[in-house]
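Quick notes on the structure that follows.
Given below as structure tokens:
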């Protein structure tokens, strides 16, 4: 009888165990930085950059309303997106929570970012990293061997001494639209014009992605460019940096259009809304010797 009772108990336990739903496998968030290296560009998904960009969007992340409101207040007077861009650039160099919090320590973003980081990583980063990685794979497919030649051609026209290591370009899922006096969106966003599909023309879609990636790779090389240095000398740091951005937008758009004539740069179209005079002049005079070009641009911008 004891053996029969024991056997019945074991059978009952086995039956209950079979009906109990199995525990889901552990799902740890991925590393804070995921990178795909190409020849001259490294495409990255960075949790800190993604959170910073997401909190600045309208509407912001669901459930993080207080942090999004604090971001909106901090950026209310940032009409050229300069504050947003500087802090995003600082976060781009980070791979640890400590680095990210230190990068924002003296800014108005410090508390809202720090208060939401743990929730974001636990709740959102896994899915958002997957979305960013999918876009990175699309960009990697678009950036074929010809894109490397286009980048070097643009670097030559912009008088850039390219670094030996690949240039990092961060991809985020969401980013705010440019403010009224900003040239283009600060971040390369999956949900943005750069990754928008083109009806039936794959090469045109590739051209748009190449345009967006090359611009962000090359604009960061201002201090390695004789033209960028000349613009700063003629106009000062702030105006020189903005003129440099306009020149890079035009240079990349012109070179990618020479590769795909149907290409229409979303970045040049955006910048033309706030800098039409300089872009019109560049369309007639580009390219030119760096010192001469900087002198002419300075006359226009003044």
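In the numbering used here, the protein residues as written are 509 to 810. Backbone N, C-alpha and C fix where the C-beta goes; we use that ideal spot for every residue, glycine too.
Candidates the options, of which the one nearest residue i by Cα
| i | options | result |
| --- | --- | --- |
| residue 548 | 759, 787 and 669 | 669 |
| residue 677 | 660, 666, 688 and 695 | 695 |
| residue 618 | 664, 663 and 560 | 560 |
| residue 700 | 778, 602, 575 and 574 | 778 |
| residue 754 | 736, 623 and 770 | 736 |
| residue 742 | 648, 788 and 808 | 808 |
| residue 761 | 746, 748, 739 and 719 | 719 |
| residue 816 | 625, 640 and 731 | Because residue 816 is not part of the residues shown, which for the chain are 509 to 810, the question remains open. |
| residue 665 | 555, 546, 536 and 759 | 759 |
| residue 710 | 683, 647 and 751 | 647 |
| residue 769 | 715, 685, 803 and 689 | 715 |
| residue 546 | 659, 704, 705 and 685 | 659 |
| residue 558 | 614, 607, 630 and 637 | 637 |
| residue 632 | 804, 563 and 796 | 563 |
| residue 568 | 614, 604, 605 and 628 | 628 |
| residue 667 | 689, 734, 607 and 685 | 734 |
| residue 683 | 566, 728 and 790 | 566 |
| residue 591 | 603, 616 and 604 | 616 |
| residue 630 | 804, 782 and 536 | 536 |
| residue 751 | 786, 728 and 772 | 786 |
| residue 702 | 782, 603 and 773 | 773 |
C-alpha distance - residue i paired with residue j, whole-angstrom precision
| i | j | result |
| --- | --- | --- |
| residue 650 | residue 717 | 7 Å |
| residue 674 | residue 600 | 14 Å |
| residue 645 | residue 538 | 17 Å |
| residue 687 | residue 723 | 19 Å |
| residue 655 | residue 574 | 42 Å |
| residue 553 | residue 571 | 22 Å |
| residue 589 | residue 693 | 8 Å |
| residue 738 | residue 584 | 32 Å |
| residue 788 | residue 653 | 31 Å |
| residue 541 | residue 798 | 36 Å |
| residue 622 | residue 544 | 27 Å |
| residue 713 | residue 756 | 20 Å |
| residue 672 | residue 555 | 26 Å |
| residue 806 | residue 635 | 46 Å |
| residue 819 | residue 626 | Nothing about residue 819 can be reported from this structure: the residues present for the chain run from 509 to 810 only. |
| residue 551 | residue 598 | 17 Å |
| residue 775 | residue 624 | 31 Å |
| residue 612 | residue 579 | 12 Å |
| residue 747 | residue 796 | 20 Å |
| residue 810 | residue 642 | 44 Å |
| residue 620 | residue 576 | 8 Å |
| residue 614 | residue 697 | 26 Å |
| residue 596 | residue 689 | 18 Å |
| residue 691 | residue 749 | 12 Å |
| residue 534 | residue 661 | Because the pLDDT of residue 534 is 47, which lies under 50, any placement of that residue in the model is unreliable, and the number read from its coordinates should be weighed accordingly. Cα to Cα, the separation comes out at about 47 Å. |
| residue 811 | residue 803 | Nothing about residue 811 can be reported from this structure: the residues present for the chain run from 509 to 810 only. |
Classification of residue i by the beta-carbon crowding that lies within 10 angstroms, buried from 16 upward
| i | result |
| --- | --- |
| residue 766 | exposed |
| residue 587 | exposed |
| residue 763 | buried |
| residue 510 | Any reading at residue 510 must be qualified, since the residue scores a pLDDT of 38, below 50, and its modelled position is unreliable; no value is offered. |
| residue 524 | Unreliable positioning characterises residue 524 in this predicted model, as indicated by a pLDDT of 39, which lies under 50. A coordinate reading is not provided. |
| residue 721 | buried |
| residue 707 | exposed |
| residue 793 | exposed |
| residue 801 | buried |
| residue 784 | exposed |
| residue 780 | buried |
| residue 594 | exposed |
| residue 730 | buried |
| residue 744 | exposed |
| residue 606 | exposed |
| residue 685 | exposed |
| residue 657 | exposed |
| residue 608 | buried |
| residue 582 | buried |
| residue 663 | buried |
Beta-bridge partners of residue i, as assigned by DSSP
| i | result |
| --- | --- |
| residue 696 | 679 |
| residue 597 | Beta-bridge pairing links residue 597 to no other residue. |
| residue 733 | 668 |
CB contact below 8 Å: residue i versus chain C
| i | result |
| --- | --- |
| residue 684 | Among the chains in the structure shown there is no chain C, since it carries only a single protein chain. |
| query | Where in the stretch 615 to 692 do unbroken runs of the alpha helix (DSSP H), each at least 4 residues long, occur, reported from the N-terminal end onward? | reply | 618 to 631, 633 to 650 and 653 to 665
| query | Can you list the alpha helix (DSSP H) stretches of 4 or more residues lying completely in the stretch 530 to 582, in chain order? | reply | 555 to 563 and 573 to 582
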